[in-house]
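Everything in the sequence shown is counted per this note's numbering, starting at 74 for the first residue and increasing by one. Note that beta-carbon positions come from the ideal geometry of N, C-alpha and C, so glycine has one too. Please read these numbers as outputs of a predicted model, since none were measured by experiment.
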Amino acid sequence: MKTLVRTVLGLVLVLGWWTITGNMVSTDKAVAKIPASVFGGGAAKIMVEAETTTPSRMMIGFSDASGDRNLESYEDIPAGTYRWSIDVPSDIGGYIELNAVAPNAGDRLKFRVVSNGKTVFEDSDQLEQPLEPGYAFFVQAYFEDYAKGQLSRD
Numbered sequence: 074m075k076t077l078v079r080t081v082l083g084l085v086l087v088l089g090w091w092t093i094t095g096n097m098v099s100t101d102k103a104v105a106k107i108p109a110s111v112f113g114g115g116a117a118k119i120m121v122e123a124e125t126t127t128p129s130r131m132m133i134g135f136s137d138a139s140g141d142r143n144l145e146s147y148e149d150i151p152a153g154t155y156r157w158s159i160d161v162p163s164d165i166g167g168y169i170e171l172n173a174v175a176p177n178a179g180d181r182l183k184f185r186v187v188s189n190g191k192t193v194f195e196d197s198d199q200l201e202q203p204l205e206p207g208y209a210f211f212v213q214a215y216f217e218d219y220a221k222g223q224l225s226r227d
């Protein structure tokens, strides 16, 4: 039941965002590789670890509260386990999302985030039945400040 509630909540958040923004994603600052350092880094190193049983896209966004500094990054990955170490400055947050590309029932997604050597977020989900058209299978988190390991309260 908990998994279903998380999945529905995530779907509601994405659909709400798309309603507000018109599903427009700025690609002028998107990079097809998750960077080892963002905006000069310096405050902390975060480690993002992902496990997937299906081809997926790992997306990590970085921005400050004003929106003046913004970077969207992603990597398309086959099934497996992956780790990214990212040097981040203070006061930079954003979203982390692991999104299955064409999942089948039984596929699993999992990721965790480590900041300053401490696990600050971990989530996993398993697709119980085939996806209906227009639906997505993903796990995600939003951080206020990556360097502090501080999740968003929204």
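Check                                                                                                                   : Outcome
Spatial neighbours of ASN172 in its chain, beta-carbon cut-off 7 Å, leaving aside the 5 residues before and after       : SER129, ARG130, MET132, ALA209 and PHE211
Contact under 9 Å by Cβ, ALA214 with TYR147                                                                             : no
Residues of its chain near SER158, where Cβ-Cβ distance is below 7 Å and the 5 sequence neighbours each way are ignored : ALA109, LYS118 and MET120
Span of the beta strand (DSSP E), counted from its first residue to its last, around ILE150                             : 143-150
Close-in-space but distant-in-sequence residues of the same chain around THR126 (CB under 6 Å, 5 per side omitted)      : ALA152, ASP180 and ARG181
Backbone secondary structure at LYS118 - three-state DSSP                                                               : strand
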